[in-house]
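Here's the structure we're looking at; comments come further down.
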Amino acid sequence: MLILLPIHLGEDISGYDKVVIYEEPLLYNAHKVKCAFLRAIVMASGYKTITEKEVKNLKDATMYDPLDNRIRRKFPNINWIELRNTFMLRESQLERLRAKFQKNIIHGNFFKEVKKEFGIFEDISSKDKENRKKLPRDHKLPIRYIDKNNIDIKKKAIEWAESLEQLGSAQELINLPITHKTALTYFKDFVNKKLEYFGVYEDAILEHDAFIYHSHISFLLNCGLLTPRQVIKLILKSRAPLNSREGFIRQVLGWREYMRFIYRYWGDDLKHRLETLPGNRLDWKKWTTGNTGIYPADVEILKVWQYGWCHHIIRLMIFLNLMKLYKIKPHDIYLWFSRFISLDAYEWVMVSNISAMGYFADKPKFMTREYISSSAYILRMSDYHRGEWCDKWPQVTHNRFRKIE
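Numbering (this note's numbering), first residue to last: 65 to 469.
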């Protein structure tokens, strides 16, 4: 018997006479829209579901790597097998990279090796410096693609999720794809209408738009409705500018694989360090209702309440940045990101992201210095106006940070 988790929908099921799906509760400790999404993709898959008790009683069952050490420890009776489609790198390739990078595993070095491994953009350097422009005031964005399929399933999943005592709203699910076919259509719309400007405006922030030129497919990749091979193939075939294609490949083939790599070898240690570091306790009410007193943060929090998602600059340069400057307890930060900005959040990516980008730049060396930003950076990259919030923005006082103005 093969047991799938909701994150395994892109994996190979051939050769198994019986395939079932198990809705692991740890995956549902999240924003309501993620709970609704996971329930909807399970319903749309057509697989019979199995309970936790039934899983624990099985003596000869197989499951793909859950990418979550908590789940592995929960089921010592399961035969775990290697993921084939969820990532580009296989276990043997990870082992070679682990042997090569013992102490210094900075993302740039890792990405160079991965590009060589697959022969993708290996002679092309990073175009990151070209991708830092603010959107012009009169710039007209393309209309966001809305998926109008499988409405009945979505409505049932929304109704179920809204009954949960989780954060956020589940209503956004009505706009999202929940099958392989509709996920591919969703991504192709991005390639055709947004990829051209993705690169140059990759770091831009808009007060009244959450998506801008971002693909919004991380949640589809992380459950298998899209695979990285599908995505990379379409990006490479595109005629979009090189800086857009390189920037997108760097996120999928670079950063995403890097996060999995870090969790694979250092996940438990990093999680323990996050749990034990001291700090101020997070005020969950303020940080989930938009009452921090920092206007851009509060606006973005309200967007997260609606979408369960925001793009990487909002996460890094507003939310994580402020929490670090306020000296919030790292484990509280990990929990907040995991349970609130959680449409695409899973243990493997959250432990790695919060650790590598937030706190543990060394031992092993993930970054040269930690990123931090001032209010000047937010003003430069967004359409937010100067106000009292600028004076409230905490000042950077520690030289370990790479200050971004």
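In this text, a Cβ means the ideal position worked out from N, Cα and C, and glycines have one as well.
Residue i versus residue j - alpha carbon distance
i	j	result
residue 304	residue 84	41 Å
residue 276	residue 253	14 Å
residue 257	residue 122	48 Å
residue 72	residue 288	6 Å
residue 466	residue 115	Residue confidence is low: residue 466 scores 48 on pLDDT, short of 50, so the model does not pin down where it sits. Its coordinate-derived value is still stated next. Answer to the nearest angstrom: the Cα atoms are 47 Å apart.
residue 90	residue 70	12 Å
residue 149	residue 294	10 Å
residue 301	residue 249	16 Å
residue 215	residue 455	46 Å
residue 225	residue 203	37 Å
residue 394	residue 342	7 Å
residue 146	residue 269	38 Å
residue 438	residue 195	19 Å
residue 436	residue 159	32 Å
residue 281	residue 251	7 Å
Nearest residue (CA-CA) to residue i, options the options
i	options	result
residue 81	95, 66, 91, 71	66
residue 186	123, 310, 253, 252	310
residue 315	334, 335, 330, 292	292
residue 198	148, 211, 267, 212	267
residue 213	104, 306, 157	104
residue 222	90, 382, 107	107
residue 118	361, 139, 258, 109	139
residue 401	390, 389, 417, 391	417
residue 176	270, 111, 321	321
residue 192	312, 352, 383, 180	312
residue 93	459, 439, 398	398
residue 308	144, 272, 334, 279	279
residue 127	215, 112, 74, 144	144
Assigned secondary structure, residue i (DSSP; H/G/I helix, E/B strand, else coil)
i	result
residue 470	In the structure displayed, the chain extends from 65 to 469; residue 470 sits before or after that span and is not available.
residue 236	helix
residue 434	strand
residue 67	strand
residue 332	helix
residue 269	strand
residue 441	helix
residue 453	helix
residue 127	strand
residue 308	helix
residue 195	coil
residue 463	Residue placement at residue 463 cannot be trusted, given a pLDDT of 44 that sits under 50; the coordinates are not used to answer.
residue 344	strand
Near the ligand COA: residue i beta-carbon under 8 Å from a heavy atom
i	result
residue 258	Although the ligand COA was asked about, the structure shown includes no ligands whatsoever.
Counterpart residues of residue i in DSSP-defined beta bridges
i	result
residue 112	84
residue 144	127
Next on the checklist: So, does the segment 367 to 377 touch the segment 245 to 261, judging by three or more C-beta pairs under 8 Å?
Outcome noted: Short answer: they don't touch.
Next on the checklist: Would the segment 203 to 210 count as touching the segment 338 to 354 if we require 3 or more Cβ pairs under 8 Å?
Outcome noted: No: fewer than three Cβ pairs fall under 8 Å.
Item to check | At least 3 beta-carbon pairs within less than 8 Å: the segment 95 to 102 vs the segment 406 to 415 | outcome: Yes, since at least three Cβ pairs between the segment 95 to 102 and the segment 406 to 415 fall closer than 8 Å, the two stretches touch.
Next on the checklist: Whether or not the segment 441 to 450 and the segment 370 to 384 are in contact is what I'm after, with contact meaning three or more pairs of Cβ atoms, one per stretch, closer than 8 Å; do they touch?
Outcome noted: Judged by Cβ distances under 8 Å, the segment 370 to 384 makes contact with the segment 441 to 450, as three or more pairs qualify.
Checklist entry - For the segment 187 to 197 against the segment 323 to 342, are there 3 or more C-beta pairs whose distance is under 8 Å? => result Taking 8 Å as the limit for Cβ pairs, the verdict is that the segment 323 to 342 does not touch the segment 187 to 197.
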